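Asks: Here the UniProt record's numbering is used: position 288 in the sequence shown is 288, and no number is missing along the way. The beta-carbon is built from N, C-alpha and C at its ideal position, and this holds for glycine as well. Keep in mind it's a predicted model, so treat the numbers as computed, not measured. Okay, handing you the structure first.
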Amino acid sequence: MIEKNKEYILDILSQGYEGEGVAKIDGYPIFIQGALKGEKIRTKIIKVKKTYAYGKIEEIIDSSEDREVPKCSNYKRCGGCSIQHMNYKKQLDFKWERVKDCIDKIGGLSKDIVKYPIGMESNPYRYRNKVQLPIGKVNGEVVIGFYAPRSHNIIDLDYCLIQDNVADEVAKFTKEWIKKNNIEPATLDGKFNAKGILKHLMIRRGFKTNEVMVVLVATTSNIPHLKEFRDLILENIRGIKSIVLNINSKNTNVILGEECITLYGEDTIQDYIGEFKFNISPLSFFQVNPIQTEVLYNKALEYAKLTGCETVFDAYCGTGTITLFLSQKARKVYGVEIIEPAIINARENAKLNNVDNAEFFVGKSEEVIPNLINEGIKADVIVVDPPRKGCDIKLLEAIGEVKPERVVYVSCDPSTLARDLKILEAQGYKTVEVQPVDMFPQTSHVENVAYLIKK
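Shown next, in the form of structure tokens:
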């Protein structure tokens with residue numbers, strides 16, 4: 001019987017889906033954050049469940065050659081990264097094994113269809129073009145940073161090595177302004193502070209344009225010394241295109257509210273993916289790693305195998321980023337998205353780029369696409385890019401009924417991708433290839449694009 005607070009000498013046999021090391025005692029799995037496959041460690045058991053336990057590293061007895069000293073001094077405390085202790089080659093190996101495991105065990109497909117992940121050729125740090133930082137007070141001190149793992153305790157950070165440098169500077173000046181004017185944050189020692197008014201700080205920066213947007217998220221528009229905040233940012237941060245106040249009075253995990261008040265400049269900033277220009281508002285979804293986004297979208301375009309004669313459906317199209325990429329080589333592309341503001345942005349983006357062969361619809365993909373089919377519009381290719389939970393079963397069934405020649409599936413979760421590929425295989429499709437793309441170095445997340453053909 002495994003005992004809490006007792007120490008054990010363990011051999012790490014594998015890596016878990018979140019990058020944690022996995023050891024076993026009489027078949028009982030123990031998950032140890034920060035441990036690597038092949039290592040021997042002395043671990044202290046910190047939590048015991050019915051079918052598994054969690055351990056904490058006390059000593060690394062035999063270290064893996066893949067271990068790397070994390071570059072970030074806050075790595076062990078912060079919840080932003082989880083595999084920075086692996087060298088980059090090991091990170092890609094881990095993600096490859098994770099995707100293959102999901103494809104095999106969940107999808108029932110051959111591991112051989114999974115290609116080696118496409119990693120970042122340049123330095124895999126400072127790649128994010130957007131950051132959302134909670135604002136709070138811990139023991140009476142103002143903090144701006146990230147949540148500790150599995151908690152709402154904010155870890156105060158002076159820098160983050162996966163964010164753009166400008167975010168560090170904006171956070172520093174914002175903290176000075178809060179302290180100087182005694183403005184109360186909405187989080188106090190990890191709990192919601194009903195008297196507080198400041199919730200989050202969001203920073204975006206265009207990768208190719210260098211345009212910067214700063215968004216202050218608050219519970220009210222009545223914020224003291226707001227002009228001073230605006231002037232402080234303008235005086236100290238280069239490239240400011242937009243300063244926005246976002247109102248979110250609700251005590252939920254949703255960061256942004258629906259109301260935005262522009263304090264300075266434009267309502268949006270602009271950036272490019274490939275040759276396409278996009279307007280990005282505070283509420284817009286836009287991939288956070290611009291270098292790898294272009295890699296991912298080019299792979300999706302390659303898998304679509306368009307000749308200029310095809311009609312394409314783009315399900316879960318968001319603001320139309322993939323849709324516009326597909327429009328380069330398709331006869332006609334129909335984008336479908338349930339969020340109306342995203343479709344408004346998609347239409348604006350199409351107009352901005354002089355794309356006239358893309359049409360957008362608001363609604364559930366599993367409902368709109370069958371309606372398009374009933375109207376006589378037949379898709380040669382269907383592209384899906386669903387949220388983490390994967391595709392709605394009705395959409396997968398609709399794909400089986402329409403029977404396009406090719407399906408391209410873009411996914412941010414290997415588990416739901418594998419589940420949906422299994423369903424599509426039963427609908428008459430063959431999964432030819434799955435290509436992981438490392439969009440999120442230093443974390444356990446991995447993006448994938450799958451290529452399916454009609455059997």
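Out of Cys78, Ser63 and Lys403, which one is the CA nearest neighbour of Pro134?
Replies: Comparing Cα positions, the closest option is Cys78.
Asks: Would you mind stating whether Ile240 and Val214 have Cβ atoms separated by less than 8 Å?
Replies: Yes, the pair counts as a contact, with Cβ atoms nearer than the cut-off.
Asks: Does DSSP put Tyr429 in a helix, in a strand, or in coil?
Replies: Tyr429 falls in the strand class under three-state DSSP.
Asks: Under three-state DSSP, which class holds Ala148?
Replies: Of the three classes helix, strand and coil, the one that applies to Ala148 here is coil, per DSSP.
Asks: Since I believe Met439 is in contact with Glu433 (beta carbons under 8 Å), could you give me their beta-carbon distance rounded to a whole number of angstroms?
Replies: Rounded, the Cβ-Cβ distance is 18 Å, inconsistent with contact.
Asks: Whole angstroms is fine: what's the gap from Thr187's alpha carbon to Cys260's?
Replies: Each residue's alpha carbon lies about 21 Å from the other.
Asks: Tell me which residue opens and which closes the alpha helix (DSSP H) that Asn289 is part of.
Replies: Segment: none, Asn289 is in no alpha helix (DSSP H) and carries neither H nor E.
Asks: Hey, how far is the Cα of Gly16 from the Cα of Leu263?
Replies: One C-alpha to the other measures close to 45 Å.
Asks: Distance check for Lys49 and Ile25, CA to CA, integer angstroms please.
Replies: Whole-angstrom Cα-Cα distance: 14 Å.
Asks: Have a look at the DSSP bridge pairing and note the partners of Ala53.
Replies: Answer is Ile30 and Val48.
Asks: Give the range of the alpha helix (DSSP H) segment to which Gln91 is assigned.
Replies: Unbroken alpha helix (DSSP H) run through Gln91: Tyr88 to Lys105.
Asks: Terminal residues of the continuous alpha helix (DSSP H) containing Ile280?
Replies: It is not in any alpha helix (DSSP H) - Ile280 instead sits in the beta strand (DSSP E) that spans Phe276 to Ile280.
Asks: With H, G and I counted as helix, E and B as strand and the rest as coil, what does DSSP make of Val410?
Replies: Strand.
Asks: Unbroken alpha helix (DSSP H) runs of length 4 or more, entirely within the segment 137–206: which are they?
Replies: The qualifying runs are 165–181.
Asks: I want to know whether the segment 309–327 touches the segment 384–400 - three or more CB-CB distances under 8 Å.
Replies: Yes: at least three Cβ pairs fall under 8 Å.
Asks: Which parts of the segment 306–380 are runs of the alpha helix (DSSP H), unbroken and 4 residues or longer, counting only runs that do not cross its ends?
Replies: List check, alpha helix (DSSP H) in window: 321–327, 340–352 and 365–374.
Asks: Where does Lys303 fall in DSSP's three states?
Replies: Note on residue identity: the sequence assigns Tyr, not Lys, to residue 303. If DSSP states are grouped into helix, strand and coil, Tyr303 belongs with the helices.
Asks: Give every residue of the same chain whose Cβ lies closer than 8 Å to the Cβ of Thr307, excluding the five residues on either side of it in the sequence, and list them in chain order.
Replies: Counting only Cβ-Cβ distances below 8 Å, and skipping sequence neighbours, we find Lys329.
Asks: Rounded to whole angstroms, what's the CA-CA distance from Thr219 to Lys137? Just pull it up for me.
Replies: The alpha-carbon atoms of Thr219 and Lys137 are separated by roughly 16 Å.
Asks: Name the two residues that bound the continuous beta strand (DSSP E) containing Val212.
Replies: From DSSP, the beta strand (DSSP E) with Val212 extends over Val212 to Ala218.
Asks: Which stretch, first to last residue, makes up the alpha helix (DSSP H) that contains Val402?
Replies: Segment Ile393 to Val402, the alpha helix (DSSP H) holding Val402.
Asks: Would you say Tyr88 and Gly119 are within 8 Å of each other, going by their C-beta atoms?
Replies: Yes, these two residues count as a Cβ contact at 8 Å.
Asks: Mapping the DSSP letters down to three states, classify Ile41 as helix, strand or coil.
Replies: Residue state, collapsed to three classes: strand.
Asks: Return the chain-ordered list of same chain residues with a C-beta closer than 7 Å to the C-beta of Glu294, the five sequence neighbours on each side being excluded.
Replies: So the list reads Ile273 and Gly274, once near-sequence residues are dropped.
Asks: Please classify Ile25: does DSSP put it in a helix, a strand, or coil?
Replies: Strand.
Asks: Below 8 Å between beta carbons: does that hold for Gly55 and Ile46?
Replies: Yes, they are a contact pair.
Asks: Pick from Tyr303, Val254 and Gly206: whose alpha carbon is nearest that of Arg238?
Replies: Taking only the C-alpha atoms, the option nearest Arg238 is Gly206.
Asks: What is the rounded straight-line gap between the Cα of Tyr297 and the Cα of Asn153?
Replies: Cα to Cα, the separation comes out at about 36 Å.
Asks: Give me the DSSP bridge partner(s) of Cys72.
Replies: Its beta-bridge partners do not exist; DSSP assigns none.
Asks: When the Cα atoms are used, what is the spatial distance from Glu3 to Ile32?
Replies: Computed Cα separation, rounded: 15 Å.
Asks: Short of 8 Å in beta carbon distance, which residues of its chain neighbour Asn236, apart from the five on each side in sequence? Order them along the chain.
Replies: Excluding sequence neighbours, Asn236 sits near Glu169 and Phe173.
Asks: With DSSP as the reference, please indicate the residues paired to Gln15 in a beta bridge.
Replies: Gly21.
Asks: Got a sec, what are the start and stop residues for the alpha helix (DSSP H) Glu121 sits in?
Replies: Note, Glu121: premise wrong, no alpha helix (DSSP H); not H, not E.
Asks: Taking the alpha helix (DSSP H) that Asp231 belongs to, which residues open and close that run?
Replies: Segment Leu226 to Asn236, the alpha helix (DSSP H) holding Asp231.
Asks: Kindly list the residues whose CB is nearer than 6 Å to the CB of Ser406, restricted to its own chain and excluding five residues on each side of it in sequence; keep chain order.
Replies: According to the sequence provided, residue 406 is Arg. The question's Ser does not apply to it. Val381 and Ile453, listed in sequence order.
Asks: Does any CB atom of chain E fall closer than 8 Å to the CB of Asp267?
Replies: Of the protein chains in the structure, only one exists, and it is not chain E.
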